[in-house]
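Using my numbering, read the sequence shown as starting at 23 and increasing by one per residue. Think of the CB as a built atom: it goes at the ideal place given N, C-alpha and C, for glycine as much as any other residue.
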Amino acid sequence: MTAPARDYSLTGPESQRAIERGLADADWYRSPIDPARLAELHQRSDLRTGIDVVLWLMLVVGAGSWAWVALGSWWAIPAFVVYGALYGGAADPRWHECGHGTAFRTSWLNELVYFPASFMLLREPTVWRWSHVRHHSDTIVVGRDAEIVFPRPIDVRAWTVNLFGVTSVPALVRRIVRHACDRLDADVAGYVPSELHRRVVWEARSYLVGIVGVLAACVVTAGLVPLLFVVGPTFYGAWLMAFFGTTQHAGLREDVLDHRWNTRTVYMNPVFRFLYLNMNYHIEHHMFPTVPYRNLPALHGAIRDDLPEPSPSTWAAYREIWTAARGQATEPTFELDRVVPESVSSTTRAATSVEHGGWIDVCAVADLAPGAMRSIDGSDSPIVVCRASSGEMHAVAGICTHSRRVQLVDGAIVGDELECPKHNGRFRLADGSPSRQPVTEGLATYEVQIDADRIRVRSVPNQASGSTPA
Ligand code: FES
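Right, dumping it as structure tokens:
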């Protein structure tokens, strides 16, 4: 295996270097988009996602049934190939989308899929939820991103071996064992908040029970059939996940603050897009993680002119990755040619507000549709005025308490909650309290009045708001 050119661990010198260079938790480029169009693209549907999930589960069960009846014949080989791909490969984008909380409109439905899909992939739910938060904060920043799959130079041999999870899945199992023994890895302890460390230990223990149970079933039945159906597909079905996932960032730049340089959008056929849940629109996903998978093609259309040319096919993406692998083999700093449109400033500005007697005039009621919001200047920070899907008006502090720099007006209104545009953390609009991690601290709230069809907001926050813990 090829040795990486840099230290990709989260605990080595590159981590400190990234912080010193201003690459940690930094502001990232975001393509301009009409806020009304973005609000439309934020719409989530329990029904449509439910149909997609049920269809996937039917395929898993169908392929598993085929494999079961084909046991002992040559037909078992293609049957297990299909079953493994649907189990160990297609589970990945479902896990991912539900981890963001954007697949279903109803939060608990996302969790209902997230936890079993985590086990199918042998990913500890809390560990991976937080490593993915870090991945979105510091995408392909060396020493910070916990999910860099391709250190430079790209190791083609390691990639090939891991098509069947030969080293990657045992590494996951070893980590589960360590965590079950109450020994958290240093990087995990770094990105998972300390109050969740006990949960990590217990989740790892429950996974161990599951794995040992499958092995025990093999002993009892004196065969490997149980392993072929559970846990085993995480290995032999990993190839589909690797096939799609490789296209996301492989061969692209490190240490940049613009996803157009380090992430790849690839045009794929409808079958691939179903299996991969539209994650081929990967630049779009990273720039706007609040947009659900169903709407990524439409988002692509809305910001297309501000993106680099997408790879026209999966094959073309692999050709580009191969070029990078060959170039980096001799020179790890080798970069692909990529034309990225000039950046357009899209910084969200709070509207200049007029204050009279401690009240700020915002706009006419008719100018703020349900699901819309706008930012205004408060006495010392922006305030975001939101109209919940029910039509109720609310006003909360405009900066996310997780990073303390992200403007919430760029996020999404989901029912009566406000979702942050960076990591999908959520706040209840009624009282500013956090309702979804990674946020743990509430937002200050502001009084709202409707006066002669105008929305007015008090310029100072309500007393005692903004401190409710998750
Ligand atoms: S910045 Fe992370 S949830 Fe808002």
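Exposure of residue i, with buried meaning 16 or more beta-carbon neighbours within 10 Å
i    : result
T161 : buried
P334 : exposed
S397 : buried
V120 : Note that residue 120 corresponds to Cys in the displayed sequence, not to Val. When all chains shown are included, C120 counts as buried.
S53  : buried
N291 : exposed
G420 : buried
A380 : Note that residue 380 is Gly in the sequence shown, not Ala. The residue is exposed, with fewer than 16 neighbouring Cβ atoms inside 10 Å.
P491 : Note on P491: pLDDT 43, under 50, position unreliable in the model; no value is reported.
R326 : exposed
Euclidean distance between Cα positions of residue i and residue j
i    : j    : result
D473 : P392 : 18 Å
V183 : T189 : 7 Å
T128 : G400 : 32 Å
Y298 : F266 : 7 Å
M301 : L318 : 8 Å
V82  : R220 : 33 Å
P363 : I477 : 39 Å
Q350 : P192 : 27 Å
E342 : T336 : 10 Å
A338 : W181 : 18 Å
M142 : L69  : 24 Å
S411 : L63  : 14 Å
V384 : S367 : 24 Å
Selection from the options that minimises the alpha carbon distance to residue i
i    : options                : result
F257 : S95, V431, Y109, Q485  : Y109
A386 : F172, G380, M395       : M395
S403 : E414, A388, L430, D383 : L430
V313 : F356, G86, R59, Y51    : R59
L250 : Q485, G106, L144       : G106
N446 : G454, Q459, Q350, S365 : Q459
Q65  : V479, A434, D438       : A434
C422 : V252, I405, S411, A410 : I405
W88  : L321, A264, A101, V234 : A101
R43  : P255, F172, E276       : E276
Residue i vs residue j beta-carbon contact at 7 Å
i    : j    : result
V164 : V210 : no
A346 : G273 : yes
H201 : V223 : yes
C408 : L451 : yes
V293 : T269 : no
V436 : T467 : no
L279 : A48  : yes
F449 : P443 : no
R156 : Y213 : yes
Y30  : I170 : yes
H281 : I305 : yes
R480 : E463 : no
T71  : F137 : no
R360 : P330 : yes
A521 : L185 : The structure shown has nothing for residue 521, since the chain only spans 23 to 492.
Anticipated Cβ contact below 8 Å, residue i with residue j, distance rounded
i    : j    : result
V482 : H424 : The Cβ separation is near 23 Å, so there is no contact.
P354 : R179 : With 8 Å as the limit, P354 and R179 do not qualify as a contact, their Cβ atoms being about 16 Å apart.
Neighbour flag for residue i against chain B, beta carbons, 7 Å
i    : result
S425 : Considering every chain present, this structure includes no chain B. It has just one protein chain.
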